[in-house]
Each structure stands twice: as structure tokens, then as C-alpha cells.
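Notes for the one structure printed next.
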Amino acid sequence: MQAKPLQGAQELLCINTEKVYDWILEESTYSAAVGATTIALPAPIGAVICAIADSVNIRPVLTDSLGTPLPLNSEIAVVEQVPRIDRQFEINGALVTLQRVTFVKTIYVVLEISGVIPATGIPFTFTTLPIPITFTESAFLCAPPGTTLVVRVSDFEGQGVVNCDETGAFLGIGISIVVCQSIQVVTPVTLELVADFCAPRESLIETCPAPIIPPQCPVVFPGA
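Residues 363 to 586 (the numbering used here) make up the sequence shown, in order.
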């Protein structure tokens, strides 16, 4: 039996979803020197990297703890420091109680290091193991008891430079990163609402074009 389309049919629905109590965007910055031992360059690259430091390209990449790149808007695990502390603010003439929420988040970054070995002209690319970076942050949010903090990375960028001493020995890589994050306070809720059912759209079918007839030259042929 063929199902009848539901488009236009309304029904009282009961759905599970999340209610957002508060939502802000914050920026975290981090700068540090990652030592040569942590970078662990292979010997052929480590021997020449200081000589070609100006031409080496270093790209920090946001990953999980296993080194798999994370897409933007990925949720980051956080550990919240309890308790949440109430604080009152006057907003638009009204007294509002918000909570100071403090949390610790750890992100992972791998460094993609690329360049060319001068003696051979052979290009190289080396990727480090994931480097953990920990932030401790706090924000004033509408976060009553029973709500959960959700943090997602909305944007990420970074850069790196080769660090060498005066003798030309490789010391490590200095990195600087900026993390833009979406911070939400949510809780699961069950809602009742009247809504339309969705219906699938029509499929797009590729058809063959009509034959194209080349234009003729009527002035020349067949003529008058």
C-alpha cells in the first residue's frame, strides 16, 4: 500500500529537545614554546630546520586526543568547577541573578611542519603527536541548578615559528593559537506543539538535452 503524503496535515506533537538558558561567544588565546623533545623531529629534518627556519611552514591543526582533525562546531569536553556562584547584575533597569561558571577545557593540537631539505631539494612534511592545551575559564551565565554547560569550537586559527639558539641548535616551536567558542547552558525538555509534518521534495531527474541543429548560412545556401 502506498503511503499518503502528510504535507499540510497538522497534529499535536510531543517532542524531546534542549532548552537554551544562555548563549555567549568567547575567545581564548594561547601562546607557548613547545620543546624539541615534544616535537620529536626526525634526525634529517632536525639537522637542517634551523638553517631553513624562515622558509619552514608550520600549521597548527585542531584535533581530538588521537590526532583526528575536528570540524568546526565540534563539542569540547569540559570539567566544571563547582559550585556555581550567584551574582546579581542590573540589566536594563532590572535586577538579574546570574551564576559565575568556571570550567577547565583541554583541546589538542598537532603541528604540520613542512619545508624543503636544501641538500637534496626534497620536500618534507612532518606531523607531531597531539599536544594537549588546557584552559581554565569562567563566565557569568544564566545557569540555574539542573542545567548543563556545552562548549563548542566555532573557529580556530594558529601559527608557529621555529626556535633556535645562537649556535643553531633546535630548541622547539613557538605556537600561538586563537580559539573562538560557543558557550551554551542547556537542559533537556519535553515540548507540546502543533506543527505540520514535513514531506520529501521531488527528486531531481537529469534528462537528455534536445538535439541541437547547427545554424545554416541562408544568404549563401540555399540562397534566394
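The C-beta atom is built at its ideal place from N, Cα and C for all residues, glycine as well.
Local Cβ density within 10 Å of residue i, reported as buried at 16 or more and exposed below that
i: residue 505; result: buried
i: residue 363; result: Low per-residue confidence applies at residue 363: pLDDT is 48, beneath 50, and the placement is therefore not dependable enough to give any value.
i: residue 384; result: buried
i: residue 553; result: exposed
i: residue 483; result: exposed
i: residue 511; result: buried
i: residue 457; result: exposed
i: residue 522; result: buried
i: residue 566; result: exposed
Beta-carbon gap between residue i and residue j smaller than 8 Å
i: residue 423; j: residue 443; result: no
i: residue 492; j: residue 427; result: yes
i: residue 448; j: residue 430; result: no
i: residue 551; j: residue 479; result: no
i: residue 524; j: residue 418; result: yes
Reference residue i; option with closest CA among the options
i: residue 393; options: 494, 536, 578; result: 536
i: residue 437; options: 494, 515, 480; result: 515
i: residue 540; options: 407, 520, 440; result: 520
i: residue 402; options: 450, 376, 532; result: 532
i: residue 497; options: 485, 481, 476, 470; result: 470
i: residue 513; options: 407, 576, 450, 464; result: 464
Rounded Cβ spacing between residue i and residue j (contact assumed at less than 8 Å)
i: residue 487; j: residue 472; result: So it is not a contact: roughly 12 Å between Cβ atoms.
C-beta neighbour in chain B for residue i, strict 8 Å
i: residue 508; result: The displayed structure is made up of one protein chain only, and chain B is not part of it.
| field | Completely contained alpha helix (DSSP H) runs for the stretch 389–427, where each covers 4 or more residues | value | 398–401, 405–408
| What runs of the alpha helix (DSSP H), each 4 residues or longer, lie entirely inside the stretch 472–552? | none
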